[in-house]
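Residues in the sequence shown are numbered from 19 upward in steps of one, following our numbering.
For every residue, glycine included, the Cβ atom is placed at its ideal position computed from N, Cα and C.
Just so it is clear, the structure is predicted and the values come from calculations on it, not from any experiment.
Below: the structure, in structure tokens.
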Amino acid sequence: MTPLSGSSLSAARRARDLTDSVHGDTVDVLVVGLGVTGAGAALDATARGLRVVAVDAHDLAFGTSRFSSKLVHGGLRYLASGRLDVAHESAVERGILMERTAPHLVHAQPFVLPLTPLVSRGQAALARAGFHAGDTLRLAARTARATLPAPRRLSVVETHHLAPALRLDGLRGGLLSWDGRLTDDARLVTALARTAAAHGTRVLTRVRALELTGTGARVRDELTGEEGEIRARAVINAAGVWAGGLVDGVRIRPSRGTHLVLRPESLGPLTAGLHVPVPGETNRFVLVLPQDDGRVYVGLTDEPVDGDIPDVTEPPETDIGFLLDVLCSVLHAPVHRDDVVGAFAGLRPLLDTTPEDADAPPRTADISRRHAVLTSPEGVVTVVGGKLTTYRRMAEDAVDAAVRLRGLAAGPSRTAVLPLVGAAAPHVLAGLSAPRRLVRRHGTEALDVLALAERDPRLAEPVLPGYPVTAAEALWAVLHEGALDEEDVLDRRTRIGLVPSDRTAALQAVRELLADAPATG
Numbered sequence: 019m020t021p022l023s024g025s026s027l028s029a030a031r032r033a034r035d036l037t038d039s040v041h042g043d044t045v046d047v048l049v050v051g052l053g054v055t056g057a058g059a060a061l062d063a064t065a066r067g068l069r070v071v072a073v074d075a076h077d078l079a080f081g082t083s084r085f086s087s088k089l090v091h092g093g094l095r096y097l098a099s100g101r102l103d104v105a106h107e108s109a110v111e112r113g114i115l116m117e118r119t120a121p122h123l124v125h126a127q128p129f130v131l132p133l134t135p136l137v138s139r140g141q142a143a144l145a146r147a148g149f150h151a152g153d154t155l156r157l158a159a160r161t162a163r164a165t166l167p168a169p170r171r172l173s174v175v176e177t178h179h180l181a182p183a184l185r186l187d188g189l190r191g192g193l194l195s196w197d198g199r200l201t202d203d204a205r206l207v208t209a210l211a212r213t214a215a216a217h218g219t220r221v222l223t224r225v226r227a228l229e230l231t232g233t234g235a236r237v238r239d240e241l242t243g244e245e246g247e248i249r250a251r252a253v254i255n256a257a258g259v260w261a262g263g264l265v266d267g268v269r270i271r272p273s274r275g276t277h278l279v280l281r282p283e284s285l286g287p288l289t290a291g292l293h294v295p296v297p298g299e300t301n302r303f304v305l306v307l308p309q310d311d312g313r314v315y316v317g318l319t320d321e322p323v324d325g326d327i328p329d330v331t332e333p334p335e336t337d338i339g340f341l342l343d344v345l346c347s348v349l350h351a352p353v354h355r356d357d358v359v360g361a362f363a364g365l366r367p368l369l370d371t372t373p374e375d376a377d378a379p380p381r382t383a384d385i386s387r388r389h390a391v392l393t394s395p396e397g398v399v400t401v402v403g404g405k406l407t408t409y410r411r412m413a414e415d416a417v418d419a420a421v422r423l424r425g426l427a428a429g430p431s432r433t434a435v436l437p438l439v440g441a442a443a444p445h446v447l448a449g450l451s452a453p454r455r456l457v458r459r460h461g462t463e464a465l466d467v468l469a470l471a472e473r474d475p476r477l478a479e480p481v482l483p484g485y486p487v488t489a490a491e492a493l494w495a496v497l498h499e500g501a502l503d504e505e506d507v508l509d510r511r512t513r514i515g516l517v518p519s520d521r522t523a524a525l526q527a528v529r530e531l532l533a534d535a536p537a538t539g
């Protein structure tokens, strides 16, 4: 199989597209920000027949979009708070990803809520009712039962079989539920950007928007320092937590979500993820998320962030300690600080709608996750809020607003039925002669990645001993996925960099691979 025609991103293509964007004609839409929402907006606009340029000051999925829980939620928490509209929208978007647009990247994830002595029978009954209400959401969203199995009660034996690390003292069994999980959030963004490129979008990383107007942007090539202007009939600001720095009047209240990274031996074999109740909270859980690469993520927090927003947020020790305390409340053997081999934190771009003279702002956990599309007096369309699950709807709404504002000739959104690069029906994916882990990351393109290693057996070797990512995958990132340097490969395309010691160990091998990579157009 070959990649979707035109979907390959490379350094050579970036150079050509940047020249054409700065020196060429006015385009229909300029999208600023290549996180999940910006990449989604670029694809939405291009699929409607519009001419689109999308820029980011760093790389694909550089910000919040690579630091999520990797979950595609069905909206249960919003149902519990009475936000039926947001809950239904989440369930619909989850079904679209799992069954139509990205079944290679999103699959069903089982979760166990262990019924320990810390969970009262009343809380257990409430949680069980919530899981069944979530299954009703699945039905209302028309997601097939084969895609997401039904929730049910587990015996003590079943619970311990799925999660042997649980403490048996006082365990009354568990509650099994299902939700969607991404193989990798950064890979979703990469697939969106490449699919947009295949439909005509000029995708430009390392291009910083210095100033936005309703008719374009002054930009700087971060590789050369050269500045220029990209002219556009409509401008969409999808810069996430940095959106307020580009447009006046947009107030963002960032919320920090921290995750820990553990080696698999820290918790033993995990067949399912875990919902671990936070003591003293009615509807808040710490999630334990086993990954296809063997690592385990534990998260997440919801803490307000004040002051300047850094490029990359460092997880504080207070967050790490909180997550370890909650996790250890259900384990028979504690996990210590030394067992934490990595940690990452992302900032949710929550829209602050509280009056400026309010006595105290609400907790970030209580701020609505409903997205908003705003239009500045200069005519810049800004999309903020929301969450990864609903990125497609956010992008659609932002493009709708830009089309209306500028009177662009465009049809309705097509992205609800537009497969991303690598997508195929589940039975087709299951029949591919490639490792399951590779199919979950590349879909039908897994065969093309394997073909690289067949031509050069050295590329079949892992870039890091004991870790499954091969040199062929790293090379594919450079040839087809827009990776420009070792940071792009390690931190966004493969996620080796989530564990600092692994990153250090793999750095030289990736540098040598980049040096030897052939130039492609």
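- Assignment of beta-bridge partners to Trp196 by DSSP yields Pro128.
- One alpha carbon belongs to Val348, the other to Val175, and they sit about 16 angstroms apart.
- Leaving aside the five residues that flank Leu230 on each side, the residues in its chain whose CB is nearer than 8 angstroms to its CB run, in chain order, Val50, Val253, Asn255, Leu264, Val265, Glu396 and Val398.
- Counting every other CB atom within 10 Å of its CB across the protein chains shown gives Glu504 a total of 16 or more, marking it as buried.
- Leu206 places its beta carbon 9 angstroms or farther from that of Val279.
- Relative to Gly325, the option among Arg388, Leu365, Arg432 and Glu299 whose CA is nearest is Leu365.
- In the displayed model, His498 falls within a helix according to three-state DSSP.
- Proximity to Asp43 across Ala204, Leu450, His150 and Ile248 peaks at Ile248, based on C-alpha coordinates.
- Taking 9 angstroms as the cut-off, the Cβ atoms of Ala75 and Arg226 count as close.
- Distances from the CA of Asp329 to each of Val259, Pro135, Val306 and His354 were compared; the closest alpha carbon is that of Val259.
- If you look at Val294, you'll find it in the beta strand (DSSP E) that goes Gly291 to Pro295.
- Beta-bridge annotation (DSSP): Arg274 is paired with Glu321 and Leu365.
- Arg212 is not a Cβ neighbour of Ala72, given a cutoff of 9 angstroms.
- In the structure shown, Tyr409 falls within a helical segment according to DSSP collapsed to helix, strand and coil.
- Below 8 angstroms, enough C-beta pairs join the region 183 to 200 and the region 127 to 142 to call them touching: three or more.
- Exposure of Gly484 is indicated by the presence of fewer than 16 other C-beta atoms within 10 angstroms of its C-beta.
- Leaving aside the five residues that flank Glu414 on each side, the residues in its chain whose CB is nearer than 7 angstroms to its CB run, in chain order, Asp62, Ser431 and Thr433.
- Assignment of Pro480 by DSSP, reduced to helix, strand and coil, places it in the strand class.
- When the beta-carbon positions are compared, Ala416 and Thr208 stay at least 9 angstroms from each other.
- Ranked by Cα distance from Arg69, the first of Val323, Leu94 and Val47 is Val47.
- In this structure the region 435 to 452 does not lie against the region 89 to 101, because fewer than three pairs of beta carbons, one per stretch, are closer than 8 angstroms.
- Ranked by Cα distance from Leu52, the options Ala257, His293, His460 and Gly234 are led by Ala257.
- In the DSSP assignment, Pro444 falls within the unbroken alpha helix (DSSP H) covering Pro444 to Ala448.
- A direct Cα-to-Cα measurement between Asp239 and Arg224 gives close to 6 angstroms.
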